Each structure stands twice: as C-alpha cells, then as structure tokens.
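Note that the UniProt record's numbering has the sequence shown beginning at 1, numbered continuously upward. Don't be surprised by glycine CBs; every beta carbon is placed ideally from N, CA and C. Predicted model, so just to flag it, every value in this text is computed and none were measured. One structure is given below, encoded as structure tokens.
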Amino acid sequence: MSPIARSMVQFTQRIRNQDVRDKTLKLIEQATQSPELAHFTKAIRRSPSHTSHTDSRPHATVRFATDAQNAAGKAQTAHLYYDDNWNHASHTLYPEREEKKDDE
1 MSPIARSMVQ FTQRIRNQDV RDKTLKLIEQ ATQSPELAHF TKAIRRSPSH
51 TSHTDSRPHA TVRFATDAQN AAGKAQTAHL YYDDNWNHAS HTLYPEREEK
101 KDDE
C-alpha cells in the first residue's frame, strides 16, 4: 500500500512550529512505507518528539488503524524513532486496543 498521505494525518495537538510539523509528517510518511506499517489507512499523531519513563529514546507517538480497526473503534500505538535528519530509523508497534476518550 501507499504511505499515509500528509493530508490524512490527524493531529491531537496543534504544532505551531512549521518545521517540526513538516518533519513529523515526513516521519509518518516514511514509517508507513515499511512493511509492518504499510497496511494502515489512518494515522493520528498523538505527541511530537519526546521521551517517556517507559521509552528513553526520542520518538513521536502515533496511533495507526486500518479501516476495519477504525470502524471497530480500535487502533495500535507506535513509537516512531528517527535519525538526526528526522528520517525514519525504526519503530515499535504495540498491540491493538480500543480507543479511549483521551486518545482524541
């Protein structure tokens, strides 16, 4: 499948810095070219580059869903890791779960 187009990515937070927004969209486009993520049709960008107590490596958090998952109210979270130029380096895809109110 084709990567998820930039225009189809939903944001849960407004990114005022256009450079960061463009880098995040490029990262999602590149990530969805990988075989493990290529079947997803929806992407919701949850948080920009950050680290967390469970993952100390800088990453962007994105919720991915297929059409069937989206219709069932389910999705899968992924941490997208990137190199110094914000190119997709790797990712961790977590198990499917139901959407929660705070996922919006």
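Checklist line | Range of the contiguous beta strand (DSSP E) that encloses Leu93 | finding: Leu93 -> beta strand (DSSP E) spans 88-93.
Margin query: Closest to Ser90 by C-alpha separation, out of Ile44, Ile15, Glu29, Asn17, would be which residue?
Written below: Per the Cα distances, Glu29.
Notebook entry, point to check: Any idea what DSSP makes of Asp22, helix, strand or coil?
Noted result: Three-state result, Asp22: helix.
Margin query: Using DSSP's beta-bridge definition, name the partner residues of Arg57.
Written below: DSSP, once it has assigned bridges, lists no residue as partnering Arg57.
Note to self: Can you find the residues in the same chain that come closer than 7 Å, C-beta to C-beta, to Phe40, ignoring five residues on each side of it along the sequence?
What the structure shows: Same-chain partners within the cutoff: Ile4, Thr32, Phe64, Ala65, Thr66.
Item checked: Spatially closest choice to Val9 from Thr24, Thr92, His53, by CA coordinates -> Checking every option, the nearest Cα to that of Val9 belongs to Thr24.
Notebook entry, point to check: For Ile15, which residues from the same chain have a beta carbon less than 8 Å from its beta carbon, with the 5 sequence-adjacent residues on both sides left out?
Noted result: So the list reads Arg21, Thr24, Pro48, once near-sequence residues are dropped.
Margin query: Comparing C-alpha positions only, which one of Thr54, Ala71, Pro58, Ala43 sits nearest to Thr77?
Written below: The residue with the shortest Cα to Cα distance from Thr77 is Ala43.
Next item on the list: Report buried or exposed for Gln18, applying the criterion of at least 16 other Cβ atoms within 10 angstroms of its Cβ.
Entry: Residue environment: Gln18 is assigned as exposed (fewer than 16 neighbouring CB atoms within 10 Å of its CB, all protein chains considered).
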